[in-house]
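Per the numbering used here: the sequence shown = residues 498 to 759.
Below is one structure, written out as structure tokens; the observations come after it.
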Amino acid sequence: MTPQEQYIKKHKRYHRMIFIARFCIITVFLLIWEISANTGLIDPFFFSSPTRVCRSFVTLYRENGLFTHIGITLLETILSFLLVFGISMLCATLLWYSDKASAVLEPYLVVLNSLPKSALAPLFIVWLGTGIKTIIVAGISVAIFGAVISLYTGFALTEPEKCMLITTLGGSRRQIFSKVVLPSNILLILSTMKVNIGLSLVGVIIGEFLAARRGLGYLIIYGSQTFKMSMVITSIVILCVIAILLYLFLQFAEHWYKKRVL
């Protein structure tokens with residue numbers, strides 16, 4: 498067996514072990530949760546159980562249009578994420594092009610990024626009313642400022658020697674950006690996107706708590722107000738699954754890029 502084949506085999510074995518370990522952890526957690534609820538160690542009315550969550554899932558599907566709620570939350574999250582990606586790329590690029598603008602605006606970005614976004618949600622309702630616009634803006638507000646700061650920092654720290662070389666050879670700022678800065682930061686962009694997709698989902702749920710009549714955030718609020726805790730936990734579990742699937746999709750894109758380009 499060649500060294501390359503040994504490395505590939507070891508790499509596959511490593512990922513297989515990781516998968517088995519993750520599966521075992523979630524399986525043990527679910528078993529402990531179910532046993533604790535059935536034996537009275539925890540109150541199933543407040544904490545539910547895996548079997549009760551499954552029954553609640555079936556009930557929501559039959560009576561409450563569960564997949565409609567999932568689709569609405571997913572659509573709002575994807576729209577928020579795409580807008581965050583486009584706006585943050587544009588803003589980070591403009592800040593990179595203008596040193597004066599970045600020097601002036603960077604402190605404001607830091608302050609806005611540190612604000613608790615849940616405090617802004619009531620203002621969005623007053624400004625935009627209830628509905629999908631408010632929810633999407635809430636989703637954008639959670640992720641946008643951190644994304645701009647992260648991308649701009651990566652752009653600004655890109656290999657100064659290569660940038661200087663292109664400048665010395667008579668290249669323009671646009672050429673520096675397209676030939677050096679952007680290609681060098683593809684992995685940073687993908688990594689930032691993986692963070693932003695989760696933050697967009699968080700912002701959408703915050704918006705749905707306050708301004709929605711449909712969506713998983715609405716189901717969580719409705720379930721908590723009517724003491725249907727299985728509905729609340731079922732909605733949270735579905736949100737976890739959505740977050741994992743969206744993250745895995747972007748992780749797949751990152752691995753594909755590494756294999757094809759690097």
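Idealized CB from N, CA, C, for every residue including glycine.
Alpha helix (DSSP H) segment containing residue i, residue limits
i    : result
P547 : 547-560
R711 : Per DSSP, R711 belongs to no alpha helix (DSSP H) and is neither H nor E.
S585 : 563-594
A616 : That residue, A616, is in no alpha helix (DSSP H); it is neither H nor E in DSSP.
T664 : 657-665
Residue i and residue j closer than 7 Å at C-beta
i    : j    : result
I717 : S697 : no
T689 : A644 : yes
S553 : M728 : yes
N610 : F642 : yes
V581 : I629 : no
P547 : L527 : yes
R757 : I569 : no
S585 : L684 : no
K676 : V639 : no
Span separating the alpha-carbon of residue i from that of residue j
i    : j    : result
I741 : L662 : 42 Å
L713 : L572 : 12 Å
C660 : G668 : 9 Å
L625 : H508 : 51 Å
F704 : Q503 : First, the amino acid is wrong: residue 704 is Gly here, not Phe. Whole-angstrom Cα-Cα distance: 51 Å.
L687 : I632 : 24 Å
I730 : S595 : 48 Å
S681 : I673 : 11 Å
Beta-carbon separation (whole angstroms), residue i vs residue j, contact threshold 8 Å
i    : j    : result
I575 : L606 : Their Cβ separation, rounded to whole angstroms, is 24 Å, which puts I575 and L606 out of contact at 8 Å.
L707 : A618 : 5 Å
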